[in-house]
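So the structure is just underneath, and the comments pick up after that.
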Amino acid sequence: MMPVVARRLLVLIPTWLGLSLFAFALSTLSPGDPAELILNRELNEPATPEQLAEFRERHGLDNTFVVQYANFVADSLRGKFGVSFRSGKSVRDELWNRMGPTLQIALPAFATSVLVAVAFGVLAALRRNSLGDHVSRAVALIFESMPSFALAYLLIIVLAIKAGWFPVAGKGGPEYMVLPVLTLTLATLATTMRLTRSSLLDVLAAPYIRTARAMGVRSRRVVLTLALRNALIPVVTVAGLILAGFVTGTVIVETVFAWPGIGQYVVDAVFARDYPVVTGFVIFTGTVFVLVNLVVDLLYTRLDPRVRLGHAGGNA
Amino acid sequence: MGERMNRSFRKGRSRLGVGLLAMALVAGACSSGDDEPTTAGGGAQADQGPTGRQELRVGVAADPWIDSSEGDKKRKPNYPLNADVCDTLVQLAPDFSVVPMATQARYVGDNKFQFTLVPGVKFADGTPVTATDLKYSIDYTTQPPAIGSGFIGRDSAKIIDDKTVEVTPTVQNLRLMEQINHPSLVVLKPGSDPLNNLMGSVCTGPFKVERYTPQQELVVVKSANYWGQPAMLDRITFKFYPDETTRALALQNNEVDMIQDVPLSILKSVQSQPGVKIERAPVGYTTMFYIARRMSNGTERVLNDPLVRKAVAHSMDRNAFVNGVLAGNAEVIPHIAPPAVLGQFADQVKGIPFNRAEAARLLDQAGWTRQGDAVRTKGGQPLRVKIIYDRVELTVPEFVQAQLRAVGFDAQIAQLDAGAYRDATSTGDYDIDISVPNQNDGNPAFLLALRWFHKATGANAKIISPGPGTRFESMIDAILVESDPVELRRKTADAMRELVDVEVGGVTLAGGYRVYALKDKVMGFQPHPSSTNQRWRTVYVRN
Chain A
1215 MMPVVARRLL
1225 VLIPTWLGLS
1235 LFAFALSTLS
1245 PGDPAELILN
1255 RELNEPATPE
1265 QLAEFRERHG
1275 LDNTFVVQYA
1285 NFVADSLRGK
1295 FGVSFRSGKS
1305 VRDELWNRMG
1315 PTLQIALPAF
1325 ATSVLVAVAF
1335 GVLAALRRNS
1345 LGDHVSRAVA
1355 LIFESMPSFA
1365 LAYLLIIVLA
1375 IKAGWFPVAG
1385 KGGPEYMVLP
1395 VLTLTLATLA
1405 TTMRLTRSSL
1415 LDVLAAPYIR
1425 TARAMGVRSR
1435 RVVLTLALRN
1445 ALIPVVTVAG
1455 LILAGFVTGT
1465 VIVETVFAWP
1475 GIGQYVVDAV
1485 FARDYPVVTG
1495 FVIFTGTVFV
1505 LVNLVVDLLY
1515 TRLDPRVRLG
1525 HAGGNA
Chain B
30 MGERMNRSFR
40 KGRSRLGVGL
50 LAMALVAGAC
60 SSGDDEPTTA
70 GGGAQADQGP
80 TGRQELRVGV
90 AADPWIDSSE
100 GDKKRKPNYP
110 LNADVCDTLV
120 QLAPDFSVVP
130 MATQARYVGD
140 NKFQFTLVPG
150 VKFADGTPVT
160 ATDLKYSIDY
170 TTQPPAIGSG
180 FIGRDSAKII
190 DDKTVEVTPT
200 VQNLRLMEQI
210 NHPSLVVLKP
220 GSDPLNNLMG
230 SVCTGPFKVE
240 RYTPQQELVV
250 VKSANYWGQP
260 AMLDRITFKF
270 YPDETTRALA
280 LQNNEVDMIQ
290 DVPLSILKSV
300 QSQPGVKIER
310 APVGYTTMFY
320 IARRMSNGTE
330 RVLNDPLVRK
340 AVAHSMDRNA
350 FVNGVLAGNA
360 EVIPHIAPPA
370 VLGQFADQVK
380 GIPFNRAEAA
390 RLLDQAGWTR
400 QGDAVRTKGG
410 QPLRVKIIYD
420 RVELTVPEFV
430 QAQLRAVGFD
440 AQIAQLDAGA
450 YRDATSTGDY
460 DIDISVPNQN
470 DGNPAFLLAL
480 RWFHKATGAN
490 AKIISPGPGT
500 RFESMIDAIL
510 VESDPVELRR
520 KTADAMRELV
530 DVEVGGVTLA
540 GGYRVYALKD
550 KVMGFQPHPS
560 STNQRWRTVY
570 VRN
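Protein sequence lines correspond, in order, to chains A and B. According to our numbering, the first sequence is numbered sequentially starting from 1215. According to our numbering, the second sequence is numbered sequentially starting from 30.
Next comes the structure, spelled out in structure tokens:
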């Protein structure tokens, strides 16, 4: 296991560096002068050339691109993303503060989405071409085809206004989490469900499953122990991407449900050219994706021993 | 790309929101739930005044202080959302006149103003307000991070006696009295610091802060020690909803009792909700555009030609704009600020009327010729203008674009993010800049002096170069030193006429109303044309 982790971590380093270079270049090469932007706001009047020069020196904005990038990487590795141009607060702290509410809806939505999708995917595969199979796939596809804001509004109208079961929006008790979690869940259900179904059908048609059935292994054991384990490999990949997407912000859902998460914060930062926040978020997002991919790779090794053996033996 | 995607999202969301809101209404109408009575205006029940526990929940836009600058955070909870927690020295009346609030103000000559406490003013903790407190309040705005007026300095305030402070603006400025009613400067008890300790800050208003949960809600409760007429409400909860459709749905679901700034895209749907009434404030802002004549590097733009500028003004069908784009929630005015600020002299500004034939004639005269419906050209160059915009829906620049195209302009809309917009306005890299300036103080010349006057200071001073000219500049100079309020309005009207009718430095499309949606049970709400001066002390709920 450890060599696999080490190998994966080594591969992640250039990935992370490429990401950081992209994020840094994106922000610094964009038109507009952050010094002017921030100082005009702070001073409430146009900054003098001396004030602009002092600001650029203080924030290292007068250095060459390479020096600025090197400083940026060094700071990022220490978890320092600088201070927000707008609020003057630490970007790391600001991102961290907003992670909590985002995770409050992201994790339940992820868990619900994967569990429900896998369960329905398995049922659909076992009852292939039945009415239930067609209906469940069609319903899931409808939800996934809808833009998430439209789905959000629809759920509000049906479950909050018509049924009166949940509040429209805001953050309070658990009842406030239901609609945003449900929106995220339904919006991602179809992909995982269809993938589970098709993957399981492939595996169920494999010779080793037929052999197992011929040897009298009970159907439940064939499906749950032998087939599903292999069928979940592509599902894990997709689930990892869904989790990373949820964790790094679901701006539309957060906006519609007035949920104080990370997404809205970053969108506002983009429009205000708040470079430290934007770059900090890109690094954060990239790191989350990289780590989720690492976890996915490790899960592969658990689900399919050939992956582990292949890497350990160097002949995958 | 991101901006475009976001705008597309907003536009699509907005249109979808209208449809879904209509669906929600049908659903609500079909249900047998506990909806409010459907009588318009709540006339079915006799109003017996405030009875029982008085609580109001107000749905407002996104939390304005969450990612704002430190200077803006010092203005919690007074600006831009005004929770009526703090009194200003003087206040802005709905007719834009300046009337006493915590103090009586007077000009004493030599660029000095005196503010004398009105009898009985005390803080929410019951302690009387003194001149020392007033000085602290004024000084607080000047300490870094500064709340920006640009005209009050660290040494501006001086104590005259127990009840009076004297303020000397940093520059010769007789408009201080009209400017200082802005809720950026409020009466604070020494030691108060809303930036770092909102809950520990003490004001003099009819409400006091009970809690503030960023991005969720601001709750204020009635102050038992208010020195004036006590508030009728016991508690107001301002709930933040970044999404306007959600805000409207929250009203329908009785999660709030009223919503501020109802977007026009969903106004009809909101209006048809059972038990909801719409209230509109008088004109408090304009939808208008600034015209750039020359870039900061000296390059002349096409609208430097006065004939072309006048043609632009003639080409705008303002009635179509008001009735079509703004759905009747505005009125056609020629003024670049609400006409009420000019008082009896408002009629002096005539504006340039819609006349497409005259626009075409002027363009022909300027040498921009047209073949059929093609874009006009001159010397092989097309008559091209670049439109930028700020804080308006895309439908507004699209309207301007269509009007210009009808007379032969090749009008291009540039969708810019905040940084690129700022760059364009500071370099003059645009021809038409559409905006919605608000009149939030009593200075009738504030916009004239902020945008076209070359001595303007402050972060919002985006000077349009080269400006209307020396005659206009001297008019503003005279306005800044005018002490008589009537004469001030006359001179401001003169300057506005010079800008609008003669120099065509800006073109107004409409004067807009602020729109509120309230449950019928909400009574006594008096919509102020300036939302930042909105007060809540007269509001109550019919239980």
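For glycine and all other residues, C-beta sits at the position ideal for the given N, C-alpha and C. Fair warning: this is a prediction, and the values are worked out from it, not measured in the lab.
Bridge partner(s) assigned by DSSP for residue 129 of chain B | Within the second sequence, the letter at position 100 stands for residue 129 of chain B. Its beta-bridge partners are B:119.
Does the beta carbon of residue 1478 of chain A come closer than 8 Å to any beta carbon on chain B?
-> Stepping through the first sequence from its first residue, residue 1478 of chain A is reached at position 264. Yes, residue 1478 of chain A counts as interfacial toward chain B.
State the DSSP-derived secondary structure class of residue 86 of chain B, mapped to helix, strand or coil.
-> Position 57 of the second sequence, counted from the first residue, corresponds to residue 86 of chain B. In this structure, residue 86 of chain B counts as strand in the three-state DSSP scheme.
Could you pull out every residue in the same chain whose Cβ sits closer than 6 Å to the Cβ of residue 474 of chain B, ignoring the five residues on either side in sequence?
-> What you label residue 474 of chain B is simply residue 445 of the second sequence in a count that begins at 1. Within the same chain, residue 474 of chain B has close Cβ partners 508, 521.
Can you name the residues of chain B whose CB is closer than 7 Å to the CB of residue 1384 of chain A?
-> Taking the first sequence and counting its residues from 1, one reaches residue 1384 of chain A at position 170. Near residue 1384 of chain A (Cβ distances below 7 Å), the residues of chain B are 245, 268.
Which one or two residues does DSSP pair with residue 320 of chain B in a beta bridge?
-> Taking the first residue of the second sequence as 1, we reach residue 320 of chain B at position 291. B:461.
Decide yes or no for the touch test of the segment 309-325 of chain B against the segment 133-140 of chain B: beta carbon pairs closer than 8 Å, at least 3 of them.
-> no
Report the residues of the segment 1456-1473 of chain A with a CB closer than 8 Å to any CB of chain B, ordered along the chain.
-> 1466, 1469, 1470, 1471, 1472
Contacts around residue 241 of chain B, its chain only, beta-carbon distance under 6 Å, and the 5 residues preceding and following it disregarded | The residue given as residue 241 of chain B occupies position 212 in the second sequence. Around residue 241 of chain B: 227, 247.
Backbone CA spacing between residue 146 of chain B and residue 118 of chain B [nearest angstrom] = Residue mapping note: residue 146 of chain B aligns to position 117 of the second sequence, counting from 1. Residue mapping note: residue 118 of chain B aligns to position 89 of the second sequence, counting from 1. If you take the alpha carbons of residue 146 of chain B and residue 118 of chain B, they lie about 8 Å apart.
In chain order, what residues of the same chain lie with their CB nearer than 6 Å to the CB of residue 1283 of chain A, ignoring the 5 residues before and after it?
-> Numbered from its first residue, the first sequence carries residue 1283 of chain A at position 69. Once the five neighbours on either side are set aside, the close Cβ partners of residue 1283 of chain A are 1238.
Under 8 Å, do residue 1367 of chain A and residue 274 of chain B count as touching if we go by C-beta distance?
-> Taking the first sequence and counting its residues from 1, one reaches residue 1367 of chain A at position 153. Taking the second sequence and counting its residues from 1, one reaches residue 274 of chain B at position 245. Contact: yes.
Count the other C-beta atoms from every protein chain shown that fall within 10 angstroms of the C-beta of residue 191 of chain B, then say buried if there are 16 or more, exposed otherwise.
-> The count along the second sequence starts at 1 and reaches residue 191 of chain B at position 162. When all chains shown are included, residue 191 of chain B counts as exposed.
Can you check the segment 230-309 of chain B for any beta strand (DSSP E) of at least 3 residues that lies completely inside it and give the ranges in chain order?
-> 236-242, 246-251, 264-269, 305-309
Can residue 277 of chain B and residue 298 of chain B be called in contact, C-beta distance under 8 Å?
-> Counted from its first residue, the second sequence places residue 277 of chain B at position 248. Counted from its first residue, the second sequence places residue 298 of chain B at position 269. In contact: residue 277 of chain B and residue 298 of chain B (Cβ atoms closer than 8 Å).
Under 8 Å between C-beta atoms of residue 1300 of chain A and residue 213 of chain B | Stepping through the first sequence from its first residue, residue 1300 of chain A is reached at position 86. Stepping through the second sequence from its first residue, residue 213 of chain B is reached at position 184. No, these two residues do not count as a Cβ contact at 8 Å.
Look at the alpha carbon of residue 1456 of chain A and the alpha carbon of residue 1227 of chain A, and state the distance between them as a whole number of angstroms.
-> The count along the first sequence starts at 1 and reaches residue 1456 of chain A at position 242. The count along the first sequence starts at 1 and reaches residue 1227 of chain A at position 13. So the alpha carbons of these two residues sit roughly 23 Å apart.
Secondary structure, alpha helix (DSSP H): runs of 4+ residues fully inside the segment 1276-1351 of chain A | 1279-1291, 1305-1340
Could you please give the first and the last residue of the uninterrupted alpha helix (DSSP H) stretch that includes residue 100 of chain B?
-> As a first step, residue 100 of chain B is located in the second sequence; it is residue number 71 there, counting from the start. Residue 100 of chain B -> alpha helix (DSSP H) spans 99-102.
Contained alpha helix (DSSP H) runs [length at least 4] in the segment 351-427 of chain B, N- to C-terminal order = 385-394
Could you tell me if residue 148 of chain B is buried or exposed, where buried requires 16 or more neighbouring beta carbons within 10 angstroms of its beta carbon?
-> Taking the second sequence and counting its residues from 1, the one referred to as residue 148 of chain B is at position 119. Its Cβ having fewer than 16 others within 10 Å, residue 148 of chain B is exposed.
Chain B residues whose Cβ lies nearer than 8 Å to that of residue 1300 of chain A = Residue mapping note: residue 1300 of chain A aligns to position 86 of the first sequence, counting from 1. 96, 97, 98, listed in chain order.
Indicate whether at least one CB of chain A lies closer than 8 Å to the CB of residue 284 of chain B.
-> On the second sequence, residue 284 of chain B is found 255 positions in, with the first residue counted as 1. Chain A contact via Cβ: present.
Less than 8 Å separating the beta-carbons of residue 385 of chain B and residue 436 of chain B?
-> What you label residue 385 of chain B is simply residue 356 of the second sequence in a count that begins at 1. What you label residue 436 of chain B is simply residue 407 of the second sequence in a count that begins at 1. For residue 385 of chain B and residue 436 of chain B, yes; Cβs fall inside 8 Å.
Can you name the residues of chain A whose CB is closer than 7 Å to the CB of residue 281 of chain B?
-> In the second sequence, counting from the first residue as 1, residue 281 of chain B sits at position 252. By Cβ distance, chain A contributes 1375.
CA nearest to the CA of residue 534 of chain B, picked from B:224, B:243, B:481, B:360 | To locate residue 534 of chain B, count along the second sequence from 1; it is residue 505. Nearest of B:224, B:243, B:481, B:360 to residue 534 of chain B, Cα basis: B:481.
Establish whether the CB of residue 1370 of chain A and some CB of chain B are separated by less than 8 Å.
-> Residue numbering aside, residue 1370 of chain A sits at position 156 when the first sequence is read from its first letter. Yes, because at least one Cβ of chain B sits closer than 8 Å to the Cβ of residue 1370 of chain A.
Straight-line CA distance for residue 176 of chain B to residue 544 of chain B?
-> As a position in the second sequence, residue 176 of chain B is number 147, starting the count at 1. As a position in the second sequence, residue 544 of chain B is number 515, starting the count at 1. The straight-line gap from Cα to Cα measures roughly 28 Å.
Under the rule that 16 or more other beta-carbon atoms within 10 Å means buried, what is residue 1343 of chain A, buried or exposed?
-> Position 129 of the first sequence, counted from the start, is the residue given in the question as residue 1343 of chain A. With fewer than 16 other Cβ atoms within 10 Å, it is exposed.
Any beta-carbon of chain A closer than 8 Å to the one on residue 454 of chain B?
-> The count along the second sequence starts at 1 and reaches residue 454 of chain B at position 425. It does not; no Cβ of chain A falls within 8 Å.
By the 10 Å Cβ neighbour count, where 16 or more other Cβ atoms means buried, how is residue 1413 of chain A classified, buried or exposed?
-> Indexing the first sequence from 1 puts residue 1413 of chain A at position 199. So residue 1413 of chain A ends up on the buried side.
State the Cα-Cα distance for the pair residue 1417 of chain A and residue 1444 of chain A, rounded to the nearest angstrom.
-> The sequence position of residue 1417 of chain A within the first sequence is 203, counting from 1. The sequence position of residue 1444 of chain A within the first sequence is 230, counting from 1. Rounded to whole angstroms, residue 1417 of chain A to residue 1444 of chain A spans 7 Å at the Cα level.
Does the Cβ-Cβ distance between residue 83 of chain B and residue 551 of chain B come in under 8 Å?
-> Residue mapping note: residue 83 of chain B aligns to position 54 of the second sequence, counting from 1. Residue mapping note: residue 551 of chain B aligns to position 522 of the second sequence, counting from 1. Their beta carbons are not under 8 Å apart, which means residue 83 of chain B does not touch residue 551 of chain B by this criterion.
Across which residues does DSSP place residue 314 of chain B in a beta bridge pair?
-> Walking along the second sequence from the start, residue 314 of chain B turns up at place 285. In DSSP, residue 314 of chain B forms a bridge with B:467, B:541.
Strand pairing of residue 144 of chain B, partner residues [DSSP] = The residue labelled residue 144 of chain B in the question sits at position 115 within the second sequence. DSSP lists B:134, B:194 as partners of residue 144 of chain B.
On the three-state DSSP scale, how would you describe residue 188 of chain B?
-> As a first step, residue 188 of chain B must be located in the second sequence, where it is residue number 159. Note: residue 188 of chain B maps to strand in three-state DSSP.
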